[in-house]
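Asker:
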Amino acid sequence: MIFVDSNIWCYYFDQRLPEHVYVRDALREIIKKEEIACNTIIVMEVAHYIVRHFAEKIARRKIELFVNLGNMQIADFNRQVLNQTIESLLAYGFCEGLGGRDATVIATMKLQNITKIASHDGVFKRLGEKLEFEIIDPAQPTRL
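In my numbering, the protein residues as written are 346 to 489.
#1: Just list the residues that DSSP pairs Ala382 with in beta bridges.
#2: Nearest to Arg406 by alpha carbon, out of Pro483, Ala392 and Ile353?
#3: Pull up the distance between the alpha-carbon of Ile347 and that of Ile462, whole angstroms please.
#4: Which of helix, strand or coil does DSSP assign to Phe469?
#5: If you measure between the beta carbons of Asp350 and Ile387, is that distance less than 8 Å?
#6: Extract the residue ranges of the beta strand (DSSP E) inside the segment 403 to 464, only unbroken runs of 3 or more that lie entirely within it.
#7: Does DSSP classify Glu390 as helix, strand or coil?
#8: Do Val368 and Ala484 have their C-beta atoms within less than 8 Å of each other?
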């Protein structure tokens with residue numbers, strides 16, 4: 346199972362972004378081959394981005410495609426996730442610059458025993474080794 350961060354979804358859904366060309370095929374492969382994890386916070390962040398950048402009809406279609414992916418599990422933000430989020434924020438907020446939204450990702454991954462994340466976020470790259478997460482960044486162009 347792989348957790349897909351909001352920035353990867355936004356790059357995927359918005360072909361105007363320069364990262365889209367790098368993310369498109371990589372995320373399609375993930376969608377075809379893997380179980381995907383997400384949480385309600387990420388879903389709302391992606392939905393918010395889509396609503397702000399697309400006309401209503403297009404936004405609705407993109408959001409429906411996103412939330413109805415058959416192989417995506419969406420974790421609720423409940424008290425258990427909240428408590429783990431606060432622990433992650435306390436552990437890494439000051440020393441690593443971890444924010445609240447990213448702390449929800451770490452909490453969800455820990456509680457669901459997920460060790461792989463697709464993200465373009467620098468904080469996950471910095472914390473990957475400490476958290477024993479495999480970080481995949483499809484938005485990073487391959488350099489020869």
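C-beta: ideal position from N, C-alpha, C; glycine also.
No experiment lies behind these values; they were computed from the predicted model shown.
Answerer: The answer reads as follows:
#1: Phe348 and Gln418
#2: Of the candidates Pro483, Ala392 and Ile353, the one whose C-alpha sits nearest the C-alpha of Arg406 is Ala392.
#3: In this structure, the straight-line span from the alpha carbon of Ile347 to that of Ile462 is close to 5 Å.
#4: Taken through DSSP and simplified to helix, strand or coil, Phe469 comes out as helix.
#5: It is a contact, given that the beta carbons lie within the stated cut-off.
#6: 417 to 420 and 461 to 463
#7: Judged by DSSP in its simplified three-state form, Glu390 adopts helix.
#8: yes
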